[in-house]
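Heads up, the thing below is written out as structure tokens.
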Amino acid sequence: MSEISVIEHIHSMQHRWSPQATGQFTSLMHDLVLSAKIISRSVAKAGLVDILGGTGDVNIQGEAVQKLDEFANDVMIYRMIKSGAICALGSEEAEDPIFVPKETAGNYIIFFDPLDGSSNIDVNVSIGTIFSIYRVTEGEYFNQDDLLRRGSEQVAAGYFLYGPSTMMVYSTGHGVHAFTLDPSVGEFLLSHPDLTIPDAGKYYSANLGNYSKWNDNDKKAMDIFNNDDNYSLRYVGSLVADFHRTLIYGGLFAYPADNKNKDGKLRLVYEAAPLAFLIEQAGGQAFDGDGMRILDKAPKHLHARTAFLFGSKAEVAKYRAAFK
Ligand code: P6P
Numbered sequence: 146m147s148e149i150s151v152i153e154h155i156h157s158m159q160h161r162w163s164p165q166a167t168g169q170f171t172s173l174m175h176d177l178v179l180s181a182k183i184i185s186r187s188v189a190k191a192g193l194v195d196i197l198g199g200t201g202d203v204n205i206q207g208e209a210v211q212k213l214d215e216f217a218n219d220v221m222i223y224r225m226i227k228s229g230a231i232c233a234l235g236s237e238e239a240e241d242p243i244f245v246p247k248e249t250a251g252n253y254i255i256f257f258d259p260l261d262g263s264s265n266i267d268v269n270v271s272i273g274t275i276f277s278i279y280r281v282t283e284g285e286y287f288n289q290d291d292l293l294r295r296g297s298e299q300v301a302a303g304y305f306l307y308g309p310s311t312m313m314v315y316s317t318g319h320g321v322h323a324f325t326l327d328p329s330v331g332e333f334l335l336s337h338p339d340l341t342i343p344d345a346g347k348y349y350s351a352n353l354g355n356y357s358k359w360n361d362n363d364k365k366a367m368d369i370f371n372n373d374d375n376y377s378l379r380y381v382g383s384l385v386a387d388f389h390r391t392l393i394y395g396g397l398f399a400y401p402a403d404n405k406n407k408d409g410k411l412r413l414v415y416e417a418a419p420l421a422f423l424i425e426q427a428g429g430q431a432f433d434g435d436g437m438r439i440l441d442k443a444p445k446h447l448h449a450r451t452a453f454l455f456g457s458k459a460e461v462a463k464y465r466a467a468f469k
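According to my numbering, the sequence shown is numbered sequentially starting from 146.
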């Protein structure tokens, strides 16, 4: 297979689907890829330098901030603003969005979780960066309606997975494409073109430690899988890792709401919407706990949480049948 870098791939997709593109999107993706290379380098060395452990601070989510979280967040904010392609950004690690002055702003808005799965940092389990990109709705600059958008309005979404290899998976609405970082040349090279999720799988993924806190329908739905020997349970507790396995092998992931997290734990804007965009592009489905399509949900606020169910059509249908 000829070696195609992610920037070459983005250029080819733009040439094919958005010939009128101004190059801003490519600039944004270039700086996003550079951010991930910088984060990947630090994640790989995390055990070697005094970057482990928390800063003692607490983020908007009430979670202890890990030094690597803070570093990843700083890199993403700096590079996104430097790209000249955005007019506003939101980070899962920051309470408020950041707006770029009009004279140096671009036409895009990006939301990102700079380092999701941070509770796994100190035990060397795969973690990831999730991103979600929208275009401004009117004219060339941000307005109030631009922030709380339905996931169906995303122009691109994806993630970086810092695992045994560092991977990038993204979609601009024309299929899902995955790249693997070749450290010897410092490039993400196309390794999985046109990824699609199997129509059915043999893995299901959930934190069964929360089972007693779920509502009866979610318990009934999960018992379909708990009691079926054809399914194996896999749960990393790092969303990007659990998502990537589900995308490649098929099956189901569910993080239901519970009597502690009544709206669910996972974030709609920073986690569920970008991953739902990808799973639908790959031929799968993604819903919330009320059977609403994730991409149809308009967030009430930037840090809104949601129950999150996604995966192969067969397993999602099995799970949702318990709610009928
Ligand atoms: P629990 C990690 O903190 C995270 O936000 C996601 O990456 C992951 O899917 C989820 O929380 C794990 O939550 O309650 O199972 O530890």
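By construction, the Cβ of each residue, glycine as well, lies at the ideal position given by its N, Cα and C atoms.
One alpha carbon belongs to A181, the other to G168, and they sit about 20 Å apart. Here the distance from the Cβ of G409 to the nearest heavy atom of the ligand P6P is not below 6 Å. Shown here, Q165 sits in coil according to DSSP, grouped into three states, outside any helix or strand. Here DSSP, grouped into helix, strand and coil, assigns S383 to coil.
7 Å or more divides the Cβ of D261 from the Cβ of I243.
Here L213 is buried, its C-beta having at least 16 other C-beta atoms within 10 Å. In summary, L326 is buried, with 16 or more beta-carbon neighbours lying within 10 Å of its beta-carbon over all protein chains present. Take V151, set aside five residues on each side of it, and the residues of its chain with a beta-carbon closer than 7 Å to its own are V178, M313, F324, F333, in chain order. The distance from the Cβ of S350 to that of F422 is about 19 Å, inconsistent with a contact at the 8 Å cut-off. For Y464, the uninterrupted alpha helix (DSSP H) segment begins and ends at 458 to 466. Here M437 is exposed. Its C-beta has fewer than 16 other C-beta atoms within 10 Å. In this model, G382 and E148 are separated by some 33 Å (Cα to Cα).
When DSSP states are grouped into helix, strand and coil, T249 belongs to the helix group.
Excluding five sequence positions before and after R280, the CB atoms of its chain that fall closer than 7 Å to its own CB belong to N252, Y253, V300, given in chain order.
As DSSP reads the structure, H337 sits in a beta bridge with A323.
Per DSSP, A191 lies in no alpha helix (DSSP H) segment and is marked neither H nor E. With respect to the 7 Å criterion, G409 and A443 are not classified as neighbours on the basis of their beta carbons. Y348 counts as buried, since at least 16 other C-beta atoms from the protein chains shown sit within 10 angstroms of its C-beta. In this structure, F287 and C232 form a Cβ contact; the two beta carbons are roughly 4 Å apart against a cut-off of 8 Å. Leaving aside the five residues that flank L413 on each side, the residues in its chain whose CB is nearer than 7 Å to its CB run, in chain order, K442, P444, A449, R450, T451.
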